[in-house]
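As structure tokens, the structure follows; a few thoughts come after it.
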Amino acid sequence: MNMKNKSLILIILSLIASIVWQLVTRQSLSLLETSNSLFFIAGILLIFALLWLTLSSGVFDFFNYSMKKSLHIVKRKEEKLEVTPLSKSVGTGFKTFLISGAALLVISLFALLGYYL
1 MNMKNKSLIL
11 IILSLIASIV
21 WQLVTRQSLS
31 LLETSNSLFF
41 IAGILLIFAL
51 LWLTLSSGVF
61 DFFNYSMKKS
71 LHIVKRKEEK
81 LEVTPLSKSV
91 GTGFKTFLIS
101 GAALLVISLF
111 ALLGYYL
């Protein structure tokens, strides 16, 4: 499955979850509640995606290497230390969450705009 399909599925599931949550808790639908719940979901997805983006960018590679080397020295192991960079371990799967979070944020803003107009 490609990234567009994963993002679309995540967006649709988030919309359905938001509507079901409103119906269960409020027994009615409103654009304001839809906007609020989608904003929270979008915020969680964006925070997760940006954290993943930060880790995959290589910012913490040297820190990760230093910590593993220090632990290796403390344990007094004689074999050679081979450390896979953290950015290689994490991968680039953050794009799905980033696109989904941004799309849900836009939908949330349109719902808020629809409520006030």
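Heads up: the sequence shown begins at 1 in full-length UniProt numbering, then just goes up one per residue. Yeah, the Cβ is synthetic: ideal placement off N, Cα and C, and Gly gets one too.
By the Cβ-count criterion, THR96 is buried, with 16 or more other Cβ atoms from all chains shown falling within 10 Å of its own Cβ.
Scanning LEU32, MET3 and TRP21 for the CA closest to the CA of LEU117 turns up LEU32.
Within 10 angstroms of the beta-carbon of GLY91 lie fewer than 16 other beta-carbons, which makes it exposed. Ranking HIS72, ILE73 and ILE99 by CA distance to the CA of ILE47 puts ILE99 first. Taking the Cα positions, ALA103 is about 49 Å away from LYS77. Of LEU53, LEU13, SER56 and VAL59, the smallest CA-CA separation from SER37 is found for LEU13. Here GLY101 carries a helix assignment [DSSP, helix/strand/coil]. Bounds of any alpha helix (DSSP H) do not take in VAL59, whose DSSP letter is neither H nor E.
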